[in-house]
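For reference, the structure is listed below as structure tokens.
There are 2 protein chains.
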Amino acid sequence: MLEMLTEPRGVAVIGASTDPAKLGYQVLNNVIQYGYEGGVYPVNPTADEILGKKAYPSVLECPDPVDLAVVLVPNKAVPGVLEQCGQRGLKGAVIITAGFREVGPTGKALEQQVIDIAHKYGMRLIGPNVLGIIDTVAKLNASFAAGMPRRGKIAFMSQSGALCTSILDLALGQGIGFSRFYSIGNKADINELDLITAWAEDPETRAIMAYLEGITNGPEFIKTASEVTRNKPIIAIKSGTTSAGSKAVSSHTGTLAGSEAAYDAAFKQSGIIRAGSVQDLFDIAQAFARQPLLNGDNIGVITNAGGPGIMASDAIEHAGLKLAQLTNETKQALQAKLPPAASVANPVDVLGDAYADRYAMAIDAVLADPNVDALMVVLTPQTMTQIPETAEALGTISKKYGKPVFGAFMGDQAIAPGVDVMRGHSVPNYQVPERAVKAIAAMRDYRTWLNTPALNVETFDVDKKKVAELIAKTRAEGRVTMGDAEARDVLEAYGVPLPKSGVAATPDEAVRMAEEIGYPVVMKIASPDILHKSDIGGIKLNIGSASEVRDAFDLLIYRAKARSSSASTATRNSVR
Amino acid sequence: MLEMLTEPRGVAVIGASTDPAKLGYQVLNNVIQYGYEGGVYPVNPTADEILGKKAYPSVLECPDPVDLAVVLVPNKAVPGVLEQCGQRGLKGAVIITAGFREVGPTGKALEQQVIDIAHKYGMRLIGPNVLGIIDTVAKLNASFAAGMPRRGKIAFMSQSGALCTSILDLALGQGIGFSRFYSIGNKADINELDLITAWAEDPETRAIMAYLEGITNGPEFIKTASEVTRNKPIIAIKSGTTSAGSKAVSSHTGTLAGSEAAYDAAFKQSGIIRAGSVQDLFDIAQAFARQPLLNGDNIGVITNAGGPGIMASDAIEHAGLKLAQLTNETKQALQAKLPPAASVANPVDVLGDAYADRYAMAIDAVLADPNVDALMVVLTPQTMTQIPETAEALGTISKKYGKPVFGAFMGDQAIAPGVDVMRGHSVPNYQVPERAVKAIAAMRDYRTWLNTPALNVETFDVDKKKVAELIAKTRAEGRVTMGDAEARDVLEAYGVPLPKSGVAATPDEAVRMAEEIGYPVVMKIASPDILHKSDIGGIKLNIGSASEVRDAFDLLIYRAKARSSSASTATRNSVR
Chain A
7 MLEMLTEPRG VAVIGASTDP AKLGYQVLNN VIQYGYEGGV YPVNPTADEI LGKKAYPSVL
67 ECPDPVDLAV VLVPNKAVPG VLEQCGQRGL KGAVIITAGF REVGPTGKAL EQQVIDIAHK
127 YGMRLIGPNV LGIIDTVAKL NASFAAGMPR RGKIAFMSQS GALCTSILDL ALGQGIGFSR
187 FYSIGNKADI NELDLITAWA EDPETRAIMA YLEGITNGPE FIKTASEVTR NKPIIAIKSG
247 TTSAGSKAVS SHTGTLAGSE AAYDAAFKQS GIIRAGSVQD LFDIAQAFAR QPLLNGDNIG
307 VITNAGGPGI MASDAIEHAG LKLAQLTNET KQALQAKLPP AASVANPVDV LGDAYADRYA
367 MAIDAVLADP NVDALMVVLT PQTMTQIPET AEALGTISKK YGKPVFGAFM GDQAIAPGVD
427 VMRGHSVPNY QVPERAVKAI AAMRDYRTWL NTPALNVETF DVDKKKVAEL IAKTRAEGRV
487 TMGDAEARDV LEAYGVPLPK SGVAATPDEA VRMAEEIGYP VVMKIASPDI LHKSDIGGIK
547 LNIGSASEVR DAFDLLIYRA KARSSSASTA TRNSVR
Chain B
7 MLEMLTEPRG VAVIGASTDP AKLGYQVLNN VIQYGYEGGV YPVNPTADEI LGKKAYPSVL
67 ECPDPVDLAV VLVPNKAVPG VLEQCGQRGL KGAVIITAGF REVGPTGKAL EQQVIDIAHK
127 YGMRLIGPNV LGIIDTVAKL NASFAAGMPR RGKIAFMSQS GALCTSILDL ALGQGIGFSR
187 FYSIGNKADI NELDLITAWA EDPETRAIMA YLEGITNGPE FIKTASEVTR NKPIIAIKSG
247 TTSAGSKAVS SHTGTLAGSE AAYDAAFKQS GIIRAGSVQD LFDIAQAFAR QPLLNGDNIG
307 VITNAGGPGI MASDAIEHAG LKLAQLTNET KQALQAKLPP AASVANPVDV LGDAYADRYA
367 MAIDAVLADP NVDALMVVLT PQTMTQIPET AEALGTISKK YGKPVFGAFM GDQAIAPGVD
427 VMRGHSVPNY QVPERAVKAI AAMRDYRTWL NTPALNVETF DVDKKKVAEL IAKTRAEGRV
487 TMGDAEARDV LEAYGVPLPK SGVAATPDEA VRMAEEIGYP VVMKIASPDI LHKSDIGGIK
547 LNIGSASEVR DAFDLLIYRA KARSSSASTA TRNSVR
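Line order of the protein sequences matches chains A and B. If you want this note's numbering, it's the position in the first sequence, counting the first as 1, plus 6. If you want this note's numbering, it's the position in the second sequence, counting the first as 1, plus 6.
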């Protein structure tokens with residue numbers, strides 16, 4: 007669908023520079039150095055060769071095949087360059103250049119020009135005003151990012167180019183991999199909607215991660231997202247939803263950011279998992295990208311330290327998950343093999359002197375337990391703890407069961423070798439159990455979403471005109487409330503079923519109506535002066551006979567008169 | 007107060023071993039290798055020398071001076087060894103050995119024996135069942151921890167020894183320093199109360215950090231804590247407060263963990279800041295240890311990336327803090343020196359191409375603004391970003407203003423040099439702005455606590471006996487509610503002032519009372535059958551004349567009769 011980005015048969019870098027301090031050099035260098043296998047064509051009218059590649063005066067001279075342009079020329083030169091790309095038959099462009107919509111009306115006009123040219127030639131655009139795009143499958147780094155992430159199963163898009171550099175640095179540090187990594191900037195053409203649509207079908211992508219400030223077409227995005235999330239999770243930061251944040255967005259890009267509650271509701275309705283920070287985004291996306299979903303809420307915990315086991319338990323309960331109740335078989339199996347001081351109830355405490363083999367035994371036993379839906383392995387680095395060996399056991403044994411497993415190896419340098427081993431087994435690790443639980447809870451929410459039938463909006467045939475008339479009449483009379491009878495008419499117009507009723511002006515009338523309706527009946531004051539009937543005892547329930555009707559009638563009339571300030575109460579009050 | 011731990015004039019390691027695989031070797035090695043300047047005496051009846059130190063058959067033979075014993079002998083040998091320590095005149099011991107209260111009744115008896123011996127000789131004990139203690143001021147590492155933290159201003163205690171190893175590894179990785187780092191294990195003698203009392207007076211400690219599972223003497227701890235927190239913040243994890251966590255505590259140590267709400271309330275009452283995870287504990291403690299308190303809620307934000315600026319704004323609002331409103335002078339000063347595309351409103355966006363000098367100018371301008379109480383500097387690692395230079399500017403300039411500053415340099419490897427520079431200036435860094443905001447909010451809460459007058463419980467002289475009698479009478483009559491008159495008596499007995507009132511049985515009586523009290527008056531039904539008077543229109547407000555009193559009397563009597571199921575309503579109903 008966006009093959010010009012994922013499988014370009016040749017890339018022209020327009021605005022490539024011979025000066026290593028310039029972005030035009032850095033981008034070209036990135037395109038070359040990370041192993042892209044198609045042709046790479048620096049476009050620079052004054053250079054013969056850059057970074058060992060023959061340079062061309064314009065894209066028109068680049069040899070075949072060339073599908074994608076990466077554009078770095080000054081903003082005013084972009085339309086001309088793009089026009090040439092169109093003539094040359096390119097399929098798309100990544101416009102890194104800034105100075106468009108984000109700088110005011112002139113920039114906006116320039117951006118429109120760019121859009122029109124792309125439309126004329128049927129080209130797709132990323133940007134302008136972006137860091138670029140990275141595709142680890144195509145081994146293409148068409149960006150000025152300082153590094154290349156590992157290949158992985160997360161596709162990421164960001165409306166903030168600058169944020170991409172932080173995310174990339176974090177990902178490099180934590181060894182997190184991506185399939186696609188796109189900075190989408192001003193979204194002149196390709197926006198979040200195009201990308202979730204494309205990535206929904208992308209076999210290289212298991213989870214979609216997004217940083218969004220504004221959403222171009224809200225209703226359409228929500229509709230598409232609610233379909234996409236049936237197949238793949240979307241985890242998103244939507245920033246600028248508070249009034250402070252929204253003011254910051256508006257001074258930043260001039261777009262409206264929308265309210266917290268509205269976005270929360272929209273995300274919920276479409277199954278998007280909302281992350282509260284970049285840290286949460288990573289923590290959650292990693293879980294989805296690396297582990298299967300859990301089939302229930304019952305979490306097993308194995309630990310070599312009591313304290314962190316307790317913290318894990320607290321976090322599990324806080325998140326509305328459950329500590330799995332281990333079967334007696336499991337407990338007996340654990341008891342037989344663990345030292346007497348160990349705890350065989352969940353959380354299973356294998357004690358501080360546990361070597362990897364003891365962990366391995368417990369991991370196997372707990373994962374085998376039918377009451378366990380997911381496993382968290384907590385580890386503190388004791389002197390005797392075999393960290394990579396324990397990680398290896400977790401990774402290997404977990405493959406037998408198809409249940410999700412999560413590491414909570416707590417520490418930094420000491421646990422790093424274990425985290426590396428887990429990564430090799432696609433097991434995510436979290437520095438504290440609370441972060442692991444947050445990710446597990448997001449998976450639980452997503453599973454709940456998958457089990458929720460798709461919302462089918464049913465339309466009813468109702469008498470809207472009648473209701474509009476009733477409201478108009480009320481307003482015309484200067485009222486802000488409707489009487490009982492009018493309210494009933496509104497409900498009837500919308501087809502809401504109502505109990506039988508009538509308005510009686512005398513006790514005889516009331517008895518006749520009650521017998522028509524059938525006992526028991528309810529009687530209440532019908533007076534435009536009295537809105538809160540129960541406050542003055544104006545409602546009588548469970549009236550079972552004619553004589554009770556007569557008593558109730560008198561009482562209600564009495565109360566209505568006592569309450570009503572008008573002199574003509576007798577004519578205005580009646581009993582319904 | 008606990009000088010035997012902070013300034014021991016000699017340390018005996020009882021149970022020192024020649025086998026590098028044994029804790030007895032590792033602890034001795036730690037005592038020696040980190041620079042402790044007093045005498046170190048391995049005690050081992052079968053060795054002549056361990057790690058280059060002369061070994062002694064028992065503590066009795068160790069030369070003077072020796073204040074502290076670190077005990078690693080098997081549990082059953084501990085009482086004998088401790089007896090010798092007492093005879094030798096030692097001031098205290100750190101009992102690393104496990105196998106006491108935590109293993110059941112026999113262990114508990116053994117622990118009592120140990121306590122008794124300590125009491126007999128006036129020795130203070132840490133443990134048993136601990137990792138040991140680390141004192142960076144005394145350069146003493148009397149533990150089997152794998153490393154020595156930097157010297158710093160945080161004192162830490164943990165009821166979980168295993169957790170200490172994770173905390174230490176995290177602290178080493180993040181370069182966080184401690185003054186004291188104690189594992190307190192079974193708390194046979196020294197407990198959390200002793201430590202907060204000692205650390206309150208400790209000039210080396212600016213913030214106290216604790217991991218607690220159970221609190222030995224709750225009321226006393228809360229009372230002392232509420233005094234200590236007037237001088238120093240205490241940041242604590244109290245785990246096991248959920249029912250799942252509490253079950254885990256009980257299977258772990260057999261103690262009761264207490265409920266979530268109770269601990270939340272107790273911590274709030276005593277000014278203790280409760281951390282939700284080890285990560286939060288670090289994040290918050292760092293802020294307190296390294297930065298001054300903020301004087302108000304107005305946070306300035308400087309960023310080189312719009313997106314993270316927006317996220318910071320969102321987090322600030324979520325936490326109940328405010329984005330500072332910069333003065334016009336500040337905005338003009340920024341405008342004059344920043345590029346046109348920059349944003350001079352808070353968050354100040356210095357743009358992605360900002361070098362350190364541009365950051366420095368903005369930091370100076372924003373910190374100088376009287377509307378700014380604290381500053382957060384957000385940085386994403388762009389190609390041109392001068393990371394350590396920007397950190398240096400932040401550290402240096404912040405010293406001029408005495409306002410707290412926080413780094414939110416977002417990333418991993420790329421930002422590490424900047425984080426190091428900040429550490430040198432005592433500026434904490436947080437990987438995402440949300441974590442910085444959480445720490446700032448904790449400081450705000452603490453400032454609020456400092457500004458809250460100490461709770462002075464005032465005792466009133468009340469008639470408790472009268473109330474007890476009234477309750478007894480109500481119960482004796484088989485009732486679960488009190489009538490109006492009785493309720494008034496209860497309030498009067500407690501000295502709660504009440505409006506004048508009386509019970510009238512006739513309209514004349516009602517008028518007389520109303521004139522005595524003075525208009526306007528309120529009238530209501532006084533009937534034991536009618537509890538929810540307003541539901542039946544049994545209360546009349548704002549009655550201004552004798553004739554209105556008569557009308558209201560009749561109406562209320564009528565309603566009371568209509569409502570009351572009793573036959574004898576006439577005698578039972580009256581109007582108050």
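Virtual Cβ for every residue (Gly too), placed ideally from N, Cα, C.
Ignore the nearest five residues each way along the sequence and tell me which others in residue i's own chain have a CB closer than 6 Å to its CB.
| i | result |
| --- | --- |
| A/GLU492 | LEU476 |
| B/ASP363 | none |
| A/LEU328 | The amino acid at residue 328 of chain A is misidentified as Leu; the sequence shows Lys. If we look at A/LYS328 and ignore the five residues flanking it on each side, its Cβ neighbours are ASP303 and ASN304. |
| B/SER432 | ARG296 |
| B/GLN388 | GLY358 |
| A/ILE228 | ALA272 and SER276 |
In three-state DSSP terms, what is residue i?
| i | result |
| --- | --- |
| B/LEU340 | helix |
| A/GLY543 | coil |
| A/MET428 | helix |
| B/GLU117 | helix |
| A/ALA18 | strand |
| B/GLY179 | helix |
| B/PHE415 | strand |
| A/ASP25 | coil |
| B/ASP141 | strand |
| A/ARG280 | strand |
Alpha carbon to alpha carbon, what distance is there between residue j and residue i?
| i | j | result |
| --- | --- | --- |
| B/THR259 | B/LEU504 | With a pLDDT of 49 at B/THR259, under the threshold of 50, the predicted position of this residue should be treated as unreliable, though the coordinate-derived value follows. Their backbone Cα atoms lie some 52 Å apart in a straight line. |
| A/TYR500 | A/GLN275 | 25 Å |
| B/LEU201 | A/ARG212 | 50 Å |
| B/MET488 | B/THR480 | 7 Å |
| A/ASP122 | A/GLU226 | 23 Å |
| A/GLY128 | A/LYS193 | 16 Å |
| B/VAL468 | B/ARG494 | 14 Å |
| B/PRO26 | A/ALA397 | 25 Å |
Does the beta-carbon distance from residue i to residue j come in below 7 Å?
| i | j | result |
| --- | --- | --- |
| A/LEU137 | A/GLY167 | yes |
| B/LYS28 | B/VAL46 | no |
| A/VAL496 | A/VAL555 | no |
| B/PRO394 | B/VAL354 | no |
| B/ALA206 | B/LEU8 | no |
| A/SER172 | B/GLU440 | no |
| A/VAL350 | A/LYS337 | yes |
Can you list, in chain order, the residues of its chain with a C-beta nearer than 7 Å to that of residue i? Leave out the 5 residues immediately preceding and following it.
| i | result |
| --- | --- |
| B/ASN377 | ASN304, ALA330, GLN331, LEU332 and THR333 |
| A/VAL109 | none |
Spatial neighbours of residue i within its chain, please: C-beta separation below 8 Å, excluding the five flanking residues on both sides.
| i | result |
| --- | --- |
| A/ASN373 | Per the sequence presented here, residue 373 of chain A reads as Leu, with Asn not at that position. Once the five neighbours on either side are set aside, the close Cβ partners of A/LEU373 are GLY306, LEU381, ILE403, SER404, LYS406, TYR407, LYS409 and VAL411. |
| B/THR142 | MET154, PRO155, ARG156, ARG157, GLY158, GLY183, PHE184, SER185, ARG186 and PHE187 |
| B/ASN548 | PRO526 and VAL528 |
| A/TRP455 | THR235 and GLY277 |
| B/ILE190 | ILE132, GLY133, VAL136, MET163, SER164, GLN165, ILE196, ASN197, GLU198 and LEU201 |
Exercise for review: Flag this pair as touching only if the stretch 29 to 40 of chain A and the stretch 135 to 154 of chain A have three or more C-beta atom pairs under 8 Å; answer yes or no.
Suggested key: yes
Point to revise | contact_flag[the stretch 537 to 549 of chain A, the stretch 540 to 554 of chain B] where n(CB pairs < 8 Å) is 3 or more | key: yes
Point to revise | Stretch-stretch touch, CB-based, cutoff 8 Å, three pairs: the stretch 95 to 105 of chain B with the stretch 69 to 78 of chain B | key: yes
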